Structures are given as structure tokens and as C-alpha cells.
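Residue numbers (the numbering used here), protein chains in the order written: chain D, 1 to 787; chain L, 1 to 161. Yeah, the Cβ is synthetic: ideal placement off N, Cα and C, and Gly gets one too. As the structure is a prediction and not an experimental result, all values here were calculated from the model. Read the structure below first, then the notes.
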Amino acid sequence: MSAVRAPLIGRSVERKEDYRFLTGVGQYTDDIVLPGQSHGYFLRSPHAHARLRSIDIGGARGAPGVLAVYTAEDLAGIGGLPCGWLIKSIDGSPMKEPKHPVLAEGKVRYVGEQIALVVAETAAQAKAAAALIDVDYDVLPAVVDTASAARNSTCVHDLAPDNVCYTWEIGDESAVTAAFAQAAHVTRLDLINNRLIPNAIEPRAANARYSAADDSYTLYVTSQNPHVERLLMTAFVLGLPEHKMRVIAPDVGGGFGSKIYLYAEETALVWASRRVGRPIKWTAERSESFLTDAHGRDHVTTAELALDAQGHFLALRVRTTANMGAYLSTFASSIPTILYATLLAGQYATPQIHCTVQAVFTNTAPVDAYRGAGRPEATYLLERIVELAARELGIDPVALRRRNFIRKFPHATPVGLTYDTGDYEATLNRVLDLADVAGYPARKQASAAKGLLRGIGYSCYIEACGLAPSNIAGALGARAGLFEAGEVRVHPTGKVTVFTGSHSHGQGHETTFAQVVADRLGISLEDVDIQHGDTGKVLFGMGTYGSRSLAVGGSAIVKAVDKIISKGRKIAAHLLEASDADVEFENGEFRIAGTDRKKTFAEIALTAYVPHNYPLDKLEPGLNENAFYDPTNFTYPAGSYVCEVEVDPETGKVRVDRFSASDDFGNVINPMIVEGQVQGGIAQGIGQALLEGCCYNEDGQLLTGSFTDYAVPRADDLPGLDIELSPGTPCTHNPLGVKGCGEAGAIGSPPAVINAVLDALAPLGVTQIDMPATPHRVWEAIARSKR
Amino acid sequence: MAVPIEMIINGKSVATKVDADTLLSTFLREHLRLTGTHVGCDTASCGACTVHVGGRAVKSCNVLAAQLAGQDITTIEGIAPRDGSLHPMQAAFKACHGLQCGFCTAGMVMSAIDLVLHHPHATEEEIRHGLEGNLCRCTGYQNIVKAVVMAAKTMDGGQAS
């Protein structure tokens with residue numbers, strides 16, 4: 001009898017993928033060179049809004065090394081890039097969906113919009129030739145400001161004369177109005193959720209090849225969801241047969257949402273690869289990343305919270321204007337609606353909530369999901385207004401939160417979600433210990449002795465992950481299913497290859513998923529390999545975003561593994577001359593219950609492929625199963641964060657001194673990887689709170705177009721983080737009991753930081769500051785308070 | 001205009017001709033196919049392209065190959081022993097989960113080795129300051145700092161790359 005080995009689930013196993021990254025043998029899109037490789041370069045608009053009077057490509061066409069130059073004229077008949085989520089306005093009308101062209105048609109609508117594709121022998125030749133293209137622009141006024149876009153006399157698209165894409169609502173407005181009429185206190189807050197630029201360190205890249213031999217295409221691309229990329233590009237834009245295209249997303253250097261979308265560049269490359277007859281590669285320069293990767297956030301919001309005399313929340317009213325940018329990116333319309341307003345209950349039993357969202361077009365880069373995607377915006381608003389209400393009412397902010405926590409599950413919120421499980425009191429209590437809140441007064445005194453203002457801020461977040469039950473998503477306007485697919489291929493020797501539709505671009509799926517499979521099959525971690533990111537290998541996939549990989553993709557794998565075990569049991573029953581029902585599977589062995597008669601997993605695998613003694617009349621040979629998993633609900637991770645900052649009143653400089661986090665992700669497969677996800681998320685959240693802010697000037701020129709103007713956090717900008725994974729409340733509806741952890745840090749941390757800054761500045765009378773709380777902004781707020 | 005260059009790369013002599021305007025990062029990636037060195041910004045801001053030139057960390061997107069005649073250059077492909085094991089810094093990054101997507105990792109490891117060789121007793125704060133030329137968007141740096149602390153204990157003077 002083999003020794004029972006310790007479970008892999010729950011252990012911080014070192015990552016299987018690390019060796020290749022650490023030794024420089026990973027393979028990212030730009031590392032790939034195909035035989036006959038040519039290179040593409042995109043001429044981009046220097047203007048935010050202009051009519052294209054004429055485009056003269058003659059000079060470029062004759063330049064050294066140039067193979068082809070294409071403009072919109074060449075793409076006649078090609079569709080626009082589609083938006084995957086239909087949102088309807090309050091009056092029932094569908095959102096305005098102007099064409100999102102692959103190359104600009106007649107007009108450019110943001111700085112950086114692609115006008116022409118130059119293909120040449122080398123990247124340098126393509127770039128040099130692009131400079132010879134003569135574009136005659138009729139420059140128009142630009143619509144830039146989110147809040148006033150709907151009142152701007154200039155319109156971005158004729159289809160939307162008032163620049164409004166949709167005006168959407170959720171919740172019972174009359175019930176909210178009635179609740180406000182009964183309120184003992186109303187707290188009101190106007191705030192901006194600052195626009196962010198994702199900045200994965202690997203720039204977007206693509207390499208497209210056409211094969212005349214079988215009339216097929218291969219696209220290597222920096223994508224978080226290659227199957228979705230293929231489906232959208234072939235069926236909705238280029239009109240190519242889906243099965244004649246293979247999309248490979250090899251090692252991808254970070255995504256954070258920005259690599260979910262179908263972009264114009266790879267679409268143009270695929271189209272052109274057949275015409276040029278050579279593979280074409282394009283890799284964004286960092287300035288192109290700043291200009292053209294879909295941006296995130298960019299909300300302007302007014303919120304009001306009604307409370308009774310005891311501090312119970314009665315109702316929340318929210319009015320948000322959300323910037324879509326110049327065109328609707330792949331999931332843009334769903335972010336400030338389905339992924340935002342449905343989260344406005346947070347951890348609280350607020351009985352009534354009403355939210356209206358006006359989405360506007362502007363002459364800026366498209367805006368879409370960025371780590372958290374709507375949920376950070378909801379959490380920021382809610383945790384800011386709760387803290388403000390506590391301050392106005394003279395109630396301790398922790399006590400006010402406790403007073404309003406949801407305590408009974410399942411809990412249906414007034415904004416459409418039903419939380420299955422949670423224990424908000426537990427994560428709050430743990431973080432208060434972790435943060436040593438008891439020692440705060442002494443630390444505040446010590447800071448004061450140095451002339452510094454110390455503040456403490458709290459945030460209790462919830463998120464809805466595991467996107468999503470397809471039927472619910474469909475009812476809400478999604479134009480796709482949101483299941484996930486997995487395949488488990490057992491080889492004759494008992495080794496296992498798993499194919500998943502999830503995509504890893506830093507999350508460590510090759511390790512976490514292998515832990516799950518190895519444990520369930522009772523085999524060693526080394527005997528399991530995870531394959532992803534290739535439509536030529538993986539049966540299907542909806543990809544990785546919304547913290548869904550383990551909860552949805554992992555569950556699909558578990559389903560497939562269970563089918564393997566079920567078939568294995570039948571084979572074992574045959575070999576052991578027992579009935580299926582008498583065979584149990586444990587620790588990699590099929591055994592007749594209560595006896596020592598058994599077959600190992602490897603023996604069963606071999607039998608399946610060498611079926612000499614096999615029930616061929618009842619069972620097919622082979623051991624290969626696939627599964628599709630569609631969840632029945634979202635998952636609801638939650639947690640509590642505490643931040644302490646020191647503010648230098650002379651300079652306005654904010655230093656995060658302590659940051660503590662307690663997260664409930666349900667069951668945790670690999671704590672090391674999960675903590676890493678939280679650390680990275682918090683870093684991006686602190687970045688949003690203190691450093692990062694995308695700025696366009698009134699002409700629509702991007703002022704923060706490089707790493708010297710846009711402050712991505714560096715090592716010395718961040719504190720050490722104290723993160724504790726709470727024992728947790730396992731998700732009740734997926735087989736692993738997992739909830740998702742990828743976005744939590746970015747969702748929970750910004751309000752904790754800003755609440756801490758405002759707590760520090762409270763003695764000076766400062767009550768409001770917008771992100772990022774840069775030294776300049778903080779110094780100004782202090783200066784204003786002195787006037 | 002092509003110019004002749006001779007240098008040592010990962011212990012091997014390389015003698016060839018390159019266009020005068022060829023960046024070291026381009027030379028490594030495209031001419032020598034050493035694609036472990038990554039380009040994240042081409043403006044010396046992100047540090048993903050960091051390699052060692054004469055034992056010091058240099059951002060290879062901001063130096064011309066032709067400037068480095070006769071120099072000894074080490075890339076991420078050249079730091080591990082040939083037996084398949086890892087350099088102590090690589091091993092520490094693995095043990096501490098100091099990498100996620102892997103794109104900044106080569107540059108981060110090369111900078112960290114330089115940091116430890118020249119400041120073997122750096123404090124956590126000094127390590128954070130020393131690595132501020134390398135951007136990582138995934139990790140929040142916490143585990144990178146932890147890895148550098150760990151590697152500093154295991155790297156002895158003889159482990160110079």
C-alpha cells in the first residue's frame with residue numbers, strides 16, 4: 001500500500017513556470033520570429049479630433065524596404081471592432097454603438113488612433129516610411145472632460161449628438177426617495193475616480209502569418225483570452241472562417257485587463273498577412289501603450305447616503321458619469337454598469353439603492369476594464385462616504401461599519417446580487433489585530449513629534465468574481481456565455497496534460513491548477529502539466545479576467561477530472577471483477593471497498609490505452625475527458641484593509657507607513673501565490689490613490705504619456721504589506737469552494753489610503769481630496785484650509 | 001553604416017558587424033537571439049532590459065552595441081551554472097515568489113545581483129531604493145525585496161556574475 005501523501009492543496013508550492021522566466025527562456029510574443037518575418041508600424045493621429053481630408057501614401061510606398069501601406073480605403077467591407085455587452089438606456093433604447101474601425105475612417109477621434117499600417121522588411125524601415133505619409137487634417141475641437149461631455153457642443157460621433165452612449169439605472173428610485181425623506185442624516189459626497197493607464201510591463205504585440213497551403217491564419221498575440229479574440233476577429237470583423245484561424249497567446253507579460261480586448265492592431269496584421277504573403281510582427285513602443293491600451297476608471301460621481309438616528313443606512317443614491325473614450329472597447333459598456341452599480345451594497349445591509357449611470361463618448365483613448373473593473377469604483381465611493389458619514393455623525397468609523405454589516409446569508413442586495421456567504425465581522429476583527437490599531441495613538445504622537453500628521457483609514461470591500469453565470473449575464477446584455485472549458489488528457493503512462501481555457505499571464509495557473517489535479521488524482525505534481533493560451537490545443541475558453549480563473553476554469557477542470565475518475569472506476573471494476581458501485585478511488589488507487597484488492601491510477605490509464613482485458617462492449621478505450629462549467633452565481637470575496645499614512649504638512653508628501661489586509665477568498669490552493677496577487681493588487685491600488693493619474697489637456701493631448709509623467713509605483717514608493725488570508729467562508733456553489741483573489745487588492749486599497757490621508761488632514765479642516773493625492777494636491781488642500 | 005564589434009557575451013567571444021545605431025538590447029535580442037532580455041519602454045525607465053556590462057547593471061536599451069567594444073557582457077541567460085541549477089538570486093526569486101508574469105524578471109534579477117555585490121549588507125529600505133530603476137507591475141515588490149534579502153545571505157564574494 002502506498003503511503004498517503006500530504007495534500008498539495010493549501011500548500012505554498014514553488015511555481016512550475018518560474019524556471020523559464022528566471023533563466024530567460026520564456027517565450028513572449030515579441031521573442032517569436034517567423035520564417036520570412038516582416039514588420040508593421042502604425043501611423044497614428046497626432047490630433048484628438050480631426051477630419052481626414054486626404055492621406056497621401058505615395059512617399060511611404062516607395063521608401064526603402066516597404067512591402068505595403070494600407071489605409072481604411074483598403075479595408076472596405078471590413079467590420080468594426082465589436083462591443084460584447086449591450087446596455088439599454090432607461091427609456092429602453094439600446095446604447096449608441098458607433099463603428100470602431102480597424103483603421104480610421106474619415107475622422108480620427110483620439111490621439112494615437114491608427115490611420116495607416118506600413119509593412120516593411122524591418123521595424124525601423126516601417127517606422128521611417130510612416131513618417132513619409134502625408135495626412136491633411138481638418139482639426140476639430142475636442143471633447144475631453146467627462147463631467148461636461150454631454151453638454152459639449154462638439155460631438156464625437158454623429159450617432160450620439162449629445163455624446164451620450166447610454167443612460168442606465170438600477171434599483172428602486174421611488175423607494176430610495178421615500179427612504180431619504182425619513183432620514184435623520186444625509187451625507188453627500190462628490191468625487192472623481194481617476195483615469196488610469198494599465199501599463200503591463202510587456203507592451204502589446206502581435207505576429208500574424210497566413211498559410212496559403214491550407215488557407216489558414218496563425219496569430220501570436222498578447223491576449224488574456226485567445227478564443228474570444230479569435231471568435232470576435234473572425235466572425236465579427238474580418239469574416240473569416242473561425243476554424244481557419246489559430247490564436248496563440250504565449251507567455252504574456254501582465255495584463256490587468258488591458259489584454260482582454262480585441263484591438264485594431266492585431267486585426268489589421270491578420271488581414272494584411274494574406275495580402276503581403278509574409279508574417280507581420282508589431283510590438284508597441286511604450287508611448288503607444290500609453291496612448292492606445294484601453295484605459296481604466298474615469299468616473300465622476302455624486303453620492304448620497306441616508307442614515308437613521310442610530311446610524312443605520314437607509315438608502316444610497318448614486319449618480320455617475322463614466323467616460324467610454326472615443327469608441328466602445330470590447331467590454332466597455334458593462335464596466336460602469338453591471339460590474340459597478342451591482343456592487344454598491346458592499347458589505348452593508350442597505351435596504352434601498354438607486355444608481356444612474358450616464359456613459360459618454362470623448363476624444364480620448366477607449367476605456368475598459370482595468371484590474372477590478374467597476375468594483376474599485378463602487379468600493380471607493382462606498383467606503384469614502386461611509387467614513388465621511390461616520391465623521392459627520394461623530395461615530396467611530398469601525399463601529400458604523402459593524403452596525404451595518406450583512407450578517408445573514410444568503411443575502412439579496414437591492415442591486416441585483418445574492419451573496420452566498422461571508423463573515424465580514426471576522427475579517428474586520430482580524431485586520432484590526434494585524435494593524436495594531438490599539439497602538440495607533442502612540443504612533444500618532446510619535447509622528448506629531450516629528451512634525452508629521454498621521455492618519456488611519458479603513459476599507460471593507462466586497463467583490464463579485466467568477467464571471468459569470470451565462471444566463472444571468474445574458475439577461476443583463478452580455479453577448480457571450482461566460483462559462484469555462486477544460487480538458488484532462490491522461491496518457492498511457494498515467495501522466496496527465498490538462499488544457500484550460502483560462503489564461504495565465506502572471507497568476508501561476510500552471511502551478512495552482514496542477515495542485516488541484518494532482519491532489520484529486522492522487523498523483524505527483526510533476527506528472528501534471530497545464531496547457532493554455534492556444535486555440536490549436538485548447539478546446540475552448542472564455543479567458544482570464546474578473547478573478548474567474550480558478551472559480552470557473554478550475555471548476556471546469558475538476559468536472560473533467562471527476563469524469564476521468566468515473567470512467568477509471570468502470571475500468572477498475574472490470575479488472576477487479578466487481579460492480580462499479582463497490583469501487584472507491586482514493587490516493588491514486590481504485591479499490592474494492594473494504595478489501596486490499598486494487599488497481600493504481602497508472603494501471604488503469606495503461607489499460608484504457610491497451611484494452612486487451614476491457615469492457616469494449618460498454619466502454620470506449622482511452623482516458624480523455626472534457627468539461628464545460630457554467631457557475632450558478634458569482635463568488636463574493638471580501639475583506640478589510642487598514643492603512644496608516646504620514647503626511648508632511650510642509651510638502652504635502654504622503655508616505656504609506658503601514659498597510660494591513662485581511663482577505664476571505666474561501667478555500668486557498670496556494671497561499672504564496674494568493675498573497676502575491678493581493679500584494680500586487682494593493683500596489684496598484686496605492687498607485688491609484690497616491691501616484692497614478694492619466695491627464696489629457698483640453699485639446700485631447702495626453703500629458704501623461706511616459707513613465708516619467710505617469711507614476712507607476714516603484715519599489716521605494718511602497719511600504720511592506722501585512723497580508724493575512726482569513727480562514728474564510730468557502731464559496732457554496734463551486735466544487736473547490738474558491739472565490740477569486742486577483743483584483744481584491746486593487747479594489748479594497750484606494751479608499752483605505754484616501755481615508756487615512758483625510759484622517760491625517762482632518763485637524764486642518766480638509767474634508768475632501770481626489771486621487772491621486774499627490775504632494776501638490778495635498779499641499780494645495782492644506783493651503784486652502786488655512787485661508 | 002556597419003561597424004565591427006568584438007565583445008564577450010556570457011563568456012563567449014562574439015565578433016561581428018552591426019549598424020552603428022544598433023542598441024545593445026536589439027543586438028542581444030535580434031542578432032544573438034538572447035530574448036531573455038526584455039524591452040519594456042525603450043526610454044531607460046522600466047529596467048526590464050538590464051544586463052551587466054563589466055559587472056555593472058546597465059539598461060541595454062540605452063546603450064549602443066558599438067560603444068561596448070571589448071566589454072564583458074552578461075545577460076540573464078548567462079548567470080546560472082551550466083548544470084541546470086540556479087544562481088542564488090534566481091533561486092531566491094523562485095523561493096520567495098518574487099516574480100509573476102516574468103517580463104520584468106530578467107532585468108530585476110540583474111539589477112538585484114549588482115545591488116547585492118556592491119551592497120552586500122543593504123537594508124530593506126536600501127534595497128527598495130536600489131531597485132527603483134526597475135518597474136514591476138505584478139508583485140508590489142514585496143517578495144522581490146524578500147528575495148534580495150535572502151540572496152544576499154547566500155551570495156558570497158565569489159558569486160559575481
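Beta carbon of residue i nearer than 8 angstroms to that of residue j
{"i": "D:Phe-540", "j": "D:His-227", "result": "yes"}
{"i": "D:Tyr-327", "j": "D:His-574", "result": "no"}
{"i": "D:Gly-748", "j": "D:Gly-666", "result": "no"}
{"i": "D:Gly-546", "j": "D:Ala-373", "result": "yes"}
{"i": "D:Ile-571", "j": "D:Ala-627", "result": "no"}
{"i": "D:Val-490", "j": "D:Asn-587", "result": "no"}
{"i": "D:Thr-356", "j": "D:Thr-167", "result": "yes"}
{"i": "D:Leu-305", "j": "D:Ile-385", "result": "yes"}
{"i": "D:Ala-435", "j": "D:Ser-660", "result": "yes"}
{"i": "D:Ser-555", "j": "D:Asn-734", "result": "yes"}
{"i": "D:Gly-455", "j": "D:Val-645", "result": "yes"}
{"i": "D:Leu-725", "j": "D:Glu-675", "result": "yes"}
{"i": "D:Gly-740", "j": "D:Cys-460", "result": "no"}
{"i": "D:Ala-208", "j": "D:Leu-269", "result": "yes"}
{"i": "D:Val-221", "j": "D:Thr-29", "result": "yes"}
{"i": "L:Leu-99", "j": "D:Leu-22", "result": "yes"}
{"i": "D:Ala-294", "j": "D:Ala-142", "result": "no"}
Residue range of the beta strand (DSSP E) that includes residue i
{"i": "D:Asp-663", "result": "654-664"}
{"i": "D:Arg-44", "result": "38-44"}
{"i": "L:Asp-212", "result": "The structure shown does not extend to residue 212 of chain L, since chain L is modelled only from 1 through 161, so no value can be given for it."}
{"i": "D:Asp-190", "result": "185-193"}
{"i": "D:Ser-211", "result": "205-211"}
{"i": "D:Glu-584", "result": "583-586"}
Nearest-angstrom beta carbon gap, residue j and residue i [assumed within contact, 8 angstroms]
{"i": "L:Ile-9", "j": "L:Ile-73", "result": "5 angstroms"}
{"i": "D:Leu-140", "j": "L:Gly-140", "result": "Not a contact, Cβ separation roughly 42 angstroms."}
{"i": "D:Gly-681", "j": "D:Ala-744", "result": "6 angstroms"}
{"i": "L:Cys-96", "j": "L:Ala-48", "result": "Rounded, the Cβ-Cβ distance is 19 angstroms, inconsistent with contact."}
{"i": "L:Thr-37", "j": "L:Ala-106", "result": "6 angstroms"}
{"i": "L:Thr-22", "j": "L:Ala-65", "result": "5 angstroms"}
Reference residue i; option with closest CA among the options
{"i": "D:His-532", "options": "D:Glu-484, D:Ala-578, D:Ala-573, D:Ile-565", "result": "D:Glu-484"}
{"i": "D:Arg-658", "options": "D:Ala-123, D:Leu-231, D:Thr-497, D:Val-642", "result": "D:Val-642"}
{"i": "D:Cys-83", "options": "D:Thr-364, D:Ile-557, D:Ala-389, D:Phe-236", "result": "D:Phe-236"}
{"i": "D:Gln-182", "options": "D:Glu-392, D:Leu-316, D:Leu-52", "result": "D:Leu-316"}
{"i": "D:Gly-171", "options": "D:Leu-240, D:Ile-90, D:Arg-204", "result": "D:Ile-90"}
{"i": "D:Gln-224", "options": "D:His-509, D:Ala-435, D:Ala-711", "result": "D:His-509"}
{"i": "D:Ala-175", "options": "D:Ala-464, D:Ile-669, D:Thr-356, D:Pro-414", "result": "D:Pro-414"}
{"i": "D:Gly-80", "options": "D:Val-111, D:Leu-34, D:Tyr-263", "result": "D:Tyr-263"}
{"i": "D:Gly-742", "options": "D:Leu-343, D:Ile-673, D:Ala-756", "result": "D:Ile-673"}
{"i": "D:Asp-648", "options": "D:Ala-6, D:Gly-296, D:Pro-775", "result": "D:Pro-775"}
{"i": "D:Phe-601", "options": "D:Gly-346, D:Pro-492, D:Ala-683, D:Gln-768", "result": "D:Pro-492"}
{"i": "D:Ala-478", "options": "D:Lys-88, D:Tyr-70, D:Gly-254", "result": "D:Lys-88"}
Where the alpha helix (DSSP H) containing residue i begins and where it ends
{"i": "D:Phe-405", "result": "Note, D:Phe-405: premise wrong, no alpha helix (DSSP H); not H, not E."}
{"i": "D:Ala-504", "result": "It should be pointed out that residue 504 of chain D corresponds to Ser in this sequence rather than to Ala. Taken as a continuous stretch (DSSP letters only), D:Ser-504 belongs to no alpha helix (DSSP H), as it is neither H nor E."}
{"i": "D:Met-245", "result": "Premise fails: D:Met-245 lies in the beta strand (DSSP E), 245-248, not in any alpha helix (DSSP H)."}
{"i": "D:Gln-531", "result": "Premise fails: D:Gln-531 lies in the beta strand (DSSP E), 528-532, not in any alpha helix (DSSP H)."}
{"i": "D:Ile-87", "result": "First-last for D:Ile-87: undefined, no H or E at that position."}
{"i": "D:Asn-755", "result": "744-761"}
{"i": "L:Thr-105", "result": "105-118"}
{"i": "L:Gly-130", "result": "124-130"}
{"i": "D:Asn-323", "result": "Segment 313-325 is the beta strand (DSSP E) holding D:Asn-323; no alpha helix (DSSP H) there."}
{"i": "D:Gly-639", "result": "No alpha helix (DSSP H) contains D:Gly-639, which is instead part of the beta strand (DSSP E) from 638-647."}
* Asked: Given 8 angstroms as the limit, is there contact between the segment 402-421 of chain D and the segment 337-351 of chain D, that is, 3 or more CB pairs closer than that?
  -> yes
* Can at least three beta-carbon pairs, one atom from the segment 64-79 of chain D and one from the segment 121-130 of chain D, be found at a separation below 8 angstroms? -> yes
* To do: Specify whether the segment 459-478 of chain D and the segment 499-514 of chain D touch according to this definition: at least 3 beta carbon pairs, one from each stretch, less than 8 angstroms apart.
  => no
* Sufficient close CB pairs (3 or more, under 8 angstroms) joining the segment 393-402 of chain D to the segment 608-617 of chain D -> no
* Three or more C-beta pairs closer than 8 angstroms, one from the segment 273-289 of chain D and one from the segment 324-344 of chain D: is that the case here? -> no
* To do: Mind the definition here: the segment 45-61 of chain L touches the segment 10-18 of chain L only if three or more C-beta pairs lie below 8 angstroms; say whether that holds.
  => no
* Evaluate the contact criterion for the segment 85-92 of chain L versus the segment 105-121 of chain L: three or more CB pairs, one atom per stretch, below 8 angstroms. => yes
* To do: Would you check if the segment 149-160 of chain D and the segment 358-369 of chain D touch, i.e. whether three or more CB-CB distances between them fall below 8 angstroms?
  => yes
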